[in-house]
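Okay, so here's the structure we're looking at.
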Amino acid sequence: MRKSKITASAQISILTVDDDPIITSTIKDYFARSGYDVDIENNPVTAIERVRNGQYDIMLLDFLMSPICGDQVVEEIRKFNKDLYIILLTGHKSMAPPIKTIRHLDIQGYYEKDDRFDQLELLIESCVKSIKQLRTIREYQDDMSRAYMQTIEILRYVVETRDSETRGHSERVSKLGAAIAQEMDLASDQIVMIRTAGLFHDIGKIGVPDSILLKNGPLTDEEYQQIKKHPADGEKILSTYSPFRDLLRIVREHHERVDGRGYPDGLAGDQICIGARVIAVADSFDAMVSNRKYRKGLGMDRALDELIRCKGGQFDETVVDAMLAMVERIGRDVFESSYFRNETLIGDVNI
Ligand SMILES: [Fe+2]
Ligand SMILES: [Fe+2]
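Last residue of the sequence shown: number 352 in the working numbering, and the count goes up by one each step with no gaps.
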C-alpha cells in the first residue's frame, strides 16, 4: 500500500511557502516520507519567481507573511499560471482570512494549521488525483493531434505528388500569404492562421479524379464543376479537427472574388474573410509564375501587372497593394530569386 502511494506521488512536485522555516522544514520532512518531492521557500516574493521559473504542481502557501501575504502571492501567480494547485495554510481561526477572501481567491483548498498533517495529506492526495487525470487527458489529446496532423500531411503530399507540376505550390502560397499578411500588419495569430491555411488550401483536390486534375487541355464545363468542389471538400476534410476550426473559412473561400463572381458561394468584398482574400492573391500569383506543361510561367513583372489589373475585380485592392509594397521593399530581383528557392520571405514570422 505504502509503495504504490510512493510511486503515485513521485512525479508531483510541491513548493511549500511559509516565512517560518520550522513549518516549511516540518512539512518537507512529513511529505518526503510519503514520497513527495518538496521544495522550501521562506520568502513570499521569491516564491512567485520560483513558480514562474520552475515546474511545480502544488503550492502550500501560508496566509500571514511579510512583506506580502498569501492572497497577494496567489493574485500574482494567477497572472501567468492557472494550472498550479494552491492550498492556503492559515493559522488558528482568529488569524485566518475572512471566508469572503478565500472564496474570491483562485485556490483549490485551504487548511487550518494543525500539529497533525493527515487532513492536509488528504487534500494533497485529491489534488494529485486531478493533476494525474489532467495529464492523461493532455497526453491523449497530444497523441490525437499528432496522429491527425500526420494524416492531413499525408493527404497534402498525395495531392501534390499526383500533380508533379504543382509540387511546392502549397508551401509557396503559405509563405507568400504570411508575408503579405505581415505587410498588412495583421495580428500575429491571424498570420499564423493564414500560413497554415496556405498549406492546406487545396487539400480538397484529393477528391478530384486524375483524369481532370492532370488533363492536358481545356476542361469541359462538367470537369470544371468538379474542380470547383475542392474548396468545400477541403473545408469538410479539415472540419473534423477542432484546432483547424478557424481556418475553415479561408479554405472554403479561397476562390471567391471581391466582385462576387467567384465560387463556391459568390461572396463579395469583405463578406470574404480577410485570410481568404490574402490566400487568393498568393495562390493566383503562384499559379501565374509557375511553369505548366502547356505554357511557361509568366515572368514576375507580368504577374504583378496582372494582379494590379485585377484589383477590385478578382482581388482585394489592399491585399494587392500590400504584396506590391512588400516586393518593392525587398527589391524585385531579390524577391524573384528567393521565391522559387522557397526561402523565407519575412524575418520575424517563423515560417
Ligand atoms: Fe484552390
Ligand atoms: Fe492553390
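Beta carbons are placed, not taken as given, at the ideal position from N, Cα and C, and that holds for glycine. Note that the structure is a prediction, hence the values are computed from the model and not measured.
Exercise for review: Provide the residue span of the beta strand (DSSP E) that contains Ser-291, from first to last.
Suggested key: Counting along the chain, Ser-291 falls outside any beta strand (DSSP E), and DSSP gives it neither H nor E.
Check your understanding: How is Thr-241 classed by DSSP in three states: helix, strand or coil?
Key -> coil
**Study point:** Pairwise C-alpha distance: Ile-59 and Glu-161
**Key:** Going by the C-alpha atoms only, they are around 49 Å apart.
Practice item. Output the distance between the C-alpha atoms of Gln-12 and Thr-25, rounded to the nearest integer angstrom. Key: 20 Å
Review point. Out of curiosity, what's the CA-to-CA distance linking Gly-348 and Lys-216?
Key: With a pLDDT of only 45 at Gly-348, under the threshold of 50, the placement of this residue in the model should not be trusted, and no figure is reported.
Review point. In terms of DSSP beta bridges, what is Arg-296 paired with?
Key: Arg-293
Point to revise | Pairwise C-alpha distance: Asp-40 and Arg-250 | key: 49 Å
Check your understanding: Buried or exposed: where does Leu-89 fall if 16 or more other Cβ atoms within 10 Å of its Cβ makes it buried?
Key -> Buried, by the Cβ-count rule.
Check your understanding: Which residues mark the beginning and the end of the alpha helix (DSSP H) in which Leu-123 is found?
Key -> For Leu-123, the enclosing alpha helix (DSSP H) begins and ends at 119-163.
Exercise for review: Tell me whether Thr-137 is buried or exposed, calling it buried when 16 or more other Cβ atoms sit within 10 Å of its Cβ.
Suggested key: exposed
Point to revise | Stretch-stretch touch, CB-based, cutoff 8 Å, three pairs: the stretch 13-20 with the stretch 40-57 | key: yes
Check your understanding: Who sits around ligand 2, taking every residue whose Cβ is closer than 5 Å to one of its heavy atoms?
Key -> Asp-203 and Asp-284
Point to revise | CB contact flag (Asp-19, Asp-63, <8 Å) | key: yes
Review point. Just curious, the beta strand (DSSP E) that Tyr-86 is in, first and last residue?
Key: Judged by DSSP secondary structure, Tyr-86 falls within the beta strand (DSSP E) whose first and last residues are 86-91.
Practice item. Kindly provide the ranges of any alpha helix (DSSP H) runs that are 4 or more residues long and lie completely inside the stretch 219-283, ordered along the chain. Key: 222-228, 231-240 and 249-254
Point to revise | Environment of Pro-45 [buried if 16+ CB atoms lie within 10 Å] | key: buried
Check your understanding: Three-state secondary structure (DSSP) at Lys-312?
Key -> strand
Practice item. Taking the CB atoms as reference points, tell me whether Leu-220 and Ile-228 lie closer together than 8 Å. Key: yes
**Study point:** Local Cβ density within 10 Å of Arg-278, reported as buried at 16 or more and exposed below that
**Key:** When all chains shown are included, Arg-278 counts as buried.
Check your understanding: Would you call the stretch 180-200 and the stretch 294-311 touching, i.e. three or more CB-CB distances under 8 Å?
Key -> Touching, no, given that fewer than three Cβ pairs across the two stretches are closer than 8 Å.
Practice item. Report the rounded CA-to-CA distance for Gly-36 versus Ile-108, giving the unit in angstroms. Key: 24 Å
**Study point:** Met-60 in three-state terms, based on DSSP
**Key:** The answer is strand: DSSP assigns Met-60 an E or B state.
Review point. With Met-327 and Ala-180 assumed to form a contact (beta carbons below 8 Å), what rounded beta-carbon distance in angstroms separates them?
Key: 6 Å
**Study point:** Element boundaries [alpha helix (DSSP H), containing Val-209]
**Key:** That residue, Val-209, is in no alpha helix (DSSP H); it is neither H nor E in DSSP.
Exercise for review: Say yes only if the C-beta of His-170 is nearer than 7 Å to one or more non-hydrogen atoms of ligand 1, and no if none qualify.
Suggested key: In this structure, the C-beta of His-170 stays at least 7 Å away from each heavy atom of ligand 1.
Check your understanding: If you drop the 5 nearest sequence neighbours on each side, which residues of the same chain put their C-beta closer than 6 Å to that of Lys-206?
Key -> Val-160 and His-231
Check your understanding: Is the Cβ-Cβ distance between Ile-28 and Leu-61 less than 8 Å?
Key -> yes
Check your understanding: Just to confirm, does His-231 get its C-beta within under 7 Å of one of the non-hydrogen atoms of ligand 1?
Key -> Yes, the beta carbon of His-231 sits closer than 7 Å to at least one heavy atom of ligand 1.
Review point. Per the contact definition of three or more C-beta pairs closer than 8 Å, is the stretch 172-179 in contact with the stretch 194-208?
Key: yes
Review point. For Tyr-111, which residues does DSSP report across the bridge?
Key: Paired residues: Leu-89.
Review point. With a Cβ-Cβ cutoff of 8 Å, do Arg-253 and Leu-214 count as a contact?
Key: no
Check your understanding: Got a sec: does ligand 1 put a non-hydrogen atom nearer than 7 Å to the Cβ of His-256?
Key -> yes
Check your understanding: How long is the line joining the alpha carbons of Gly-313 and Arg-262, rounded to whole angstroms?
Key -> 12 Å
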